[in-house]
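With my numbering, the residue at position 20 of the first sequence is 1155, and numbering never jumps. We treat Cβ as the ideally placed atom computed from N, Cα and C, and that holds for glycine. Predicted, not measured: the structure shown is a model, and the values here were computed from it. Note sheet for the following structure.
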Amino acid sequence: MFVIQSRDKETGARAGVLKTAHGEIPTPVFMPVGTAGTVKGILHKDLKEEIGAKIILGNTYHLYLRPGIEILKAAGGLHRFMSWEATLLTDSGGYQVFSLTGNRKLTEEGAIFRSHIDGSTHVFTPENTIDIQRIIGADIIMAFDECAPFPCDYRYAKKSVGLTHRWLDRAVERFQQTDPVWDYEQFLFPIVQGSTFDDLRKISAEKAASTGMAGNAIGGLSVGEPAEEMYRIIEVVNGILPFDKPRYLMGVGTPVNILEAIERGIDMFDCVMPTRNGRNGMLFTNEGIINIKNRKWSHDFNPLDPEGPSSVSLDYSKAYLRHLVISGEILGAQIASIHNLAFYLKLVGEARKKIEEGNFKKWKNGMVKKLSERL
RNA sequence: GGGGAGAUACCAAAGCGGCCAACUGGGGCAGACUGUAAAUCUGCUGGCAAAUGCCUUCGUAGGUUCGAAUCCUGCUCUCCCCA
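Below is the structure:
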């Protein structure tokens, strides 16, 4: 499902292509997050044409609660339900184990959740999250894990990793014993955990690799730890994960985080930052990061981004977007999201090009400096 | 002409003797957000020192009181009802 096409000589960066039943995806790739079966506020047409997305995410926890698997099954799976014919990846709900602390209880069997919608109780297990993801029908599905918080003491991290590994065995077994509900192949990715402890991360990477799945993911990062810790862990883990399989760094991150991770051999990314932060007025541009709500943009009638990653970046001015976002207008959220996503996709696309051209390192260093700028 | 109600910081609106530089909304300013419980959340919003402090504010001019946005008197203005 994955072919590496070129490698950077100075770094661990690589360019490849990811193949699923719903298309070919050049890597490195950024995957917009569409938790509830929608990248909030964005039409699929814009996702494809303006942003250039070939793969987006869905979330098992959210889709299971609403609309529910009965409807998703009746609809013919999520692709059909949401009319998205390109590739889909679903997270298992593992992250909700982390973010819904207080509404959940962990046991050996799985996680007992309280629905954030109506308070009802549900249980997620490694097995039923595979079953649910079979029905949802994403091309790439994730193992159910525990995403440990940061900071987290060694004892807890070790215990947590152990649980995640036992859950992984069960998920792989269920995955191998079942067939896709729909007529195409699905791939299961294990998730490496271990907090910020190198030895735990090593054990976890070995565990993930040993499953022989088509790709691997690194979870439990960008949860509050310093960026340098994250980069170190990526290096440790990528030293062990199979080289010829795709590596997915879950939930990361800022443009700089992504470039640093590409340099260390990551192929896939997802993050809510371009959409959520965009809705809240944060814009990633070729000039630097801007808070469009700030007064200083009130009379700036220049395009959002003169280098225009998307047409909206050129069609609308900073002053206009500021007005829309401050007024709470829906269009503001849409324009900001489209622009930011296009920016992210273009950035990783550019990284790919530089890897192929053999001058990734130099380009990356220049970009990191530029992208750290706060305007 | 007669009767009644009210004037509070950018706006709206509480407060009706000390705990009031003054509740709360809105607006304004800034910040946060990393496998989306998020079109959400947080802080600040009289001036100056910016920590404990000091100074000027509640239509206006006086008064009562140890002490007033809060009580009394005059004045100005606004709104409502009846003629």
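Strand pairing of residue i, partner residues [DSSP]
i       : result
Ser1452 : Pro1438
His1458 : BP columns for His1458 are empty, so no partner.
Met1277 : Phe1324
Glu1159 : Lys1154
Arg1509 : Ile1424
Exposure of residue i, with buried meaning 16 or more beta-carbon neighbours within 10 Å
i       : result
Lys1504 : exposed
Arg1301 : exposed
Tyr1479 : buried
Ile1393 : buried
Asn1437 : exposed
Tyr1289 : exposed
Lys1497 : exposed
Phe1137 : buried
Leu1178 : exposed
Ile1252 : exposed
His1197 : buried
Ser1357 : buried
Ala1343 : buried
Ser1472 : buried
Glu1398 : buried
Segment limits, alpha helix (DSSP H) that includes residue i
i       : result
Ala1349 : Counting along the chain, Ala1349 falls outside any alpha helix (DSSP H), and DSSP gives it neither H nor E.
Asp1226 : Element bounds for Asp1226: not the alpha helix (DSSP H) but the beta strand (DSSP E), 1222 to 1226.
Val1258 : Where Val1258 is concerned, there is no enclosing alpha helix (DSSP H), although the beta strand (DSSP E) it sits in stretches over 1256 to 1259.
Asn1500 : 1495 to 1506
Gly1229 : 1229 to 1234
Arg1215 : 1213 to 1217
Three-state secondary structure assigned by DSSP to residue i
i       : result
Leu1182 : helix
Arg1249 : strand
Gly1193 : strand
Leu1241 : strand
Arg1201 : coil
Glu1370 : helix
Phe1285 : coil
Val1164 : strand
Gly1443 : coil
Asn1103 : The requested residue 1103 is not part of the displayed model; the chain covers only 1136 to 1510.
Ala1188 : coil
Ala1171 : coil
Glu1360 : coil
Glu1491 : helix
Leu1482 : helix
Ser1472 : helix
Opening and closing residue of the beta strand (DSSP E) in which residue i lies
i       : result
Phe1137 : 1137 to 1142
Ala1150 : 1149 to 1155
Glu1464 : Counting along the chain, Glu1464 falls outside any beta strand (DSSP E), and DSSP gives it neither H nor E.
Where in the segment 1293 to 1355 do unbroken runs of the beta strand (DSSP E), each at least 3 residues long, occur, reported from the N-terminal end onward? Fully enclosed beta strand (DSSP E) runs of 3 or longer: 1322 to 1324, 1351 to 1353.
Continuous alpha helix (DSSP H) assignments of at least 4 residues falling wholly in the segment 1379 to 1424: Whole alpha helix (DSSP H) segments, 4+ residues: 1390 to 1398.
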